[in-house]
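Following: one structure in structure tokens, then a few remarks.
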């Protein structure tokens, strides 16, 4: 089913529901953490016959409009500033007074806010659920495969963003067959053990004879180390020589134009990874989780888990 038909079917089905949820994307975390959880919320709403609506105006990746700064709209969007404060992940709002969210629901006409469904999309039962959505030709699909359909439907750049993404992608010449690797650095080193670059090459060598790889990283020192230790390989990246690791708190402080360009460069890198012969990364990272959902587990290898996981 192509993207256009998927979106038409989704719009028709989504608008047929009477109960509503406004989901807040971009409340606090990095883009792919926010995006992945939005995908899960969309699936939850489809399964439970809840109309999905979006709030993104003050998202931490927003330039002016939020989601529509980069992508084509796929659902109704709400803009009330009250969503920014009182419509958040459950753990972000657990100490808030109960009255303001109730008032927000009355004002916005929402049955549910993000915190009301958060724990329902972040548990073992949801991770193991089988989805049946005939309008999308989803039948007894696991979470990963069902998510793949939703990503196909909504990952649609607006025209201006597409032009920038294409410029980034065309700025490097890639061979027809190449691997892609997401090697974590930056503030992620504080969240989980960083796997040594040698492990990536070791796994790659077991998978294929290809010796050309696109590297998704935010620290150019990783590229330098790869080139030094593996001269028989050829590495490509959009990472610039002055980049020494992504720090999310620093990213949020950037001016809008710089933030937008970095976001578009990330999207271009993700697209390049998706077009590779095989992706190697960490399923415990949000880009790795996203790649598994976008291109399928059979084209991905995790160096932290044997299979894709909801974490």
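Residue numbers (this note's numbering): 59 to 369.
C-beta: ideal position from N, C-alpha, C; glycine also.
Residues in the same chain with beta-carbon distance under 6 Å from residue i, minus the five sequence neighbours each way, listed in chain order, please.
i, result
"residue 268", "235, 237"
"residue 119", "84, 89, 321"
"residue 345", "90, 240"
"residue 230", "294"
"residue 198", "188"
Could you check what DSSP says for residue i in three-state terms: helix, strand or coil?
i, result
"residue 126", "helix"
"residue 250", "Per-residue confidence for residue 250 stands at a pLDDT of 45, beneath the threshold of 50, marking its modelled position as unreliable; no derived number is given."
"residue 239", "strand"
"residue 316", "helix"
"residue 350", "helix"
"residue 73", "coil"
"residue 190", "strand"
"residue 380", "Residue 380 lies beyond the stretch modelled for the chain, which goes from 59 to 369, so this question has no answer here."
"residue 363", "coil"
"residue 134", "coil"
"residue 368", "coil"
Going by alpha carbons, who is nearest to residue i out of the options?
i, options, result
"residue 131", "275, 60, 211", "211"
"residue 208", "351, 114, 360", "351"
"residue 77", "104, 109, 187", "109"
"residue 175", "151, 192, 161", "151"
"residue 361", "343, 139, 160", "343"
"residue 205", "281, 167, 103", "103"
"residue 297", "340, 272, 161", "272"
"residue 233", "158, 195, 333", "333"
"residue 196", "328, 335, 67, 359", "67"
Output the distance between the C-alpha atoms of residue i and residue j, rounded to the nearest integer angstrom.
i, j, result
"residue 126", "residue 256", "39 Å"
"residue 284", "residue 293", "8 Å"
"residue 105", "residue 291", "46 Å"
"residue 260", "residue 137", "48 Å"
"residue 93", "residue 289", "36 Å"
"residue 170", "residue 302", "41 Å"
"residue 135", "residue 124", "10 Å"
"residue 72", "residue 317", "32 Å"
"residue 214", "residue 282", "33 Å"
"residue 264", "residue 202", "25 Å"
"residue 331", "residue 341", "14 Å"
"residue 190", "residue 337", "28 Å"
Quick one: what's got a C-beta closer than 7 Å to residue i's C-beta in the same chain, skipping five residues either side?
i, result
"residue 172", "81, 82, 145, 146, 147"
"residue 248", "Annotation note: pLDDT 46 at residue 248 (below 50); position unreliable, no value reported."
"residue 185", "201, 368"
Should residue i be counted as a contact of the ligand ADP given a C-beta to heavy atom distance under 6 Å?
i, result
"residue 342", "The model depicted lacks the ligand ADP and carries no ligand whatsoever."
Checklist entry - Fully enclosed by the segment 258 to 302, which alpha helix (DSSP H) runs are 4 residues long or longer? => result 278 to 287
Item to check | Ordered list of beta strand (DSSP E) runs contained in the segment 153 to 232, each at least 3 residues | outcome: 189 to 191, 196 to 199
Item to check | Runs of beta strand (DSSP E) lying entirely within the segment 91 to 128, each at least 3 residues, in chain order | outcome: Segments of the beta strand (DSSP E) lying fully in the segment 91 to 128: 108 to 113.
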